[in-house]
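Beneath this line is the structure, given in structure tokens, with notes to follow.
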Amino acid sequence: MNERKFTVLSRRLGMMMMALIAPELIITWATMQFLSARDTVKAFNDAFGVQLHQGHSDHPNTGETTSTLPGCNFRGWTVTHGFFVWMGGFMLYFNDNQRATLTPDELLDFVREGSVDIIPDIVEADIEDRSKGDALFKGTAILQLAWFTLQLVARYAQ
-15 MNERKFTVLS RRLGMMMMAL IAPELIITWA TMQFLSARDT VKAFNDAFGV
35 QLHQGHSDHP NTGETTSTLP GCNFRGWTVT HGFFVWMGGF MLYFNDNQRA
85 TLTPDELLDF VREGSVDIIP DIVEADIEDR SKGDALFKGT AILQLAWFTL
135 QLVARYAQ
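Below is the structure:
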């Protein structure tokens, strides 16, 4: 992913313009990303035979997950893991040299074929700990969403 700075800047400016002109497209895009991450999680958990064992929590998506495959210590993935793999979180190394960023489909194919020795045991908290979303950014996003909703309601009321 050695993209030039101009390419990255152009893409970000394009997304900003799209958000200003048609914010519903950003919501659609985010929904598609969420659904893709969720489908990836289901595919990986199915591939490893992971079953969710509910803990004593009020939240339905929490609990300990373990693989039903013998000799496998795969703990199961959450949607956070799905986003991580879609963002290019897994790299293919050959002879200690970085070869490529793996897409979810490529990683799943390698796992199914047995080409990958091990999938690293990445805990959801480790992924969230490296998140670049700080309170200021999230607060700004919430204010923008509230302003958008307020304008939508006001226009509907007219």
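Okay, so the sequence shown: first residue is -15 according to our numbering, each after it adds one. All C-beta atoms in this analysis are idealised placements derived from N, C-alpha and C, irrespective of residue type, glycine included.
According to DSSP, TYR77 shares a beta bridge with GLN82. Note on geometry: alpha-carbon atoms of ALA3 and GLY98 lie some 42 Å from one another.
In summary, PHE28 is buried, with 16 or more beta-carbon neighbours lying within 10 Å of its beta-carbon over all protein chains present. Within 10 angstroms of the beta-carbon of GLY72 lie fewer than 16 other beta-carbons, which makes it exposed. By the neighbour-count criterion, in which a residue is buried when 16 or more other Cβ atoms sit within 10 angstroms of its Cβ, TRP131 is exposed.
A residue is called buried once 16 or more other Cβ atoms fall within 10 Å of its Cβ, and VAL(-8), having fewer, is exposed. Counting only the Cα atoms, LEU129 lies some 10 Å from GLY123. Within its own chain, no residue has a Cβ closer than 7 Å to the Cβ of LEU19 once the five positions on either side in sequence are excluded.
Taking all protein chains in view, the Cβ of GLY(-2) is surrounded by fewer than 16 other Cβ atoms within 10 Å, so the residue is classified as exposed.
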